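Worksheet: one structure, shown below.
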Amino acid sequence: MLTIELKKLDNFEDLALPAYETDLAAGVDMRAAIEADAPLVLAPGSRALLPTGLAMALPAGYEAQIRPRSGLAYKHGISVVNAPGTIDADYRGEVKILLINHGTEPFTIHRGDRIAQMVIAPVTQANFEVVTTLSETARGSGGYGSTGVK
């Protein structure tokens, strides 16, 4: 099993560490490290950058992907703006979650609420080579919608 080093920041205090909620879960839930006496109300159409109170050191060759939680997306329209957000292996600052409210009602976030999930994934870096022609495929240069719906 892969080990990820976590650093608790001053605003982490009493929050639960990221953990897999089920035996076969792909992601761990990330929690809002906002002030207990200052819930954040995310109005419809607005976005906010929420702290998690954690920094980490990912091993070379890995990234952390920040993704929406399906229940929040389905029930309230809450998503991650840049989903999936990428945390690179060389980043050592606080992990923050950029949420947006696509719903029709304001959504209130309290300290410790599970606001997103984080998936650790391998990364492949590529070499890029400029060529004058590309190999042929059946699709060719057909773009958005070129393969139809059915």
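Sequential numbering of the sequence shown, starting at 220, is according to the working numbering. Where is the CB? At the ideal position from N, CA and C, for every residue including glycine. Keep in mind it's a predicted model, so treat the numbers as computed, not measured.
Contact between the segment 236-244 and the segment 287-299 is absent: fewer than three C-beta pairs spanning the two stretches fall below 8 Å. Looking only at F231, I253, D248, M249, the smallest Cα-Cα distance to T327 is reached by I253.
If you look at S298, you'll find it in the beta strand (DSSP E) that goes 297-299. The beta carbons of R250 and M275 sit no closer together than 9 Å. Within the segment 252-323, the complete alpha helix (DSSP H) runs of at least 4 residues fall at 289-295. The continuous beta strand (DSSP E) containing P341 extends over residues 333-341.
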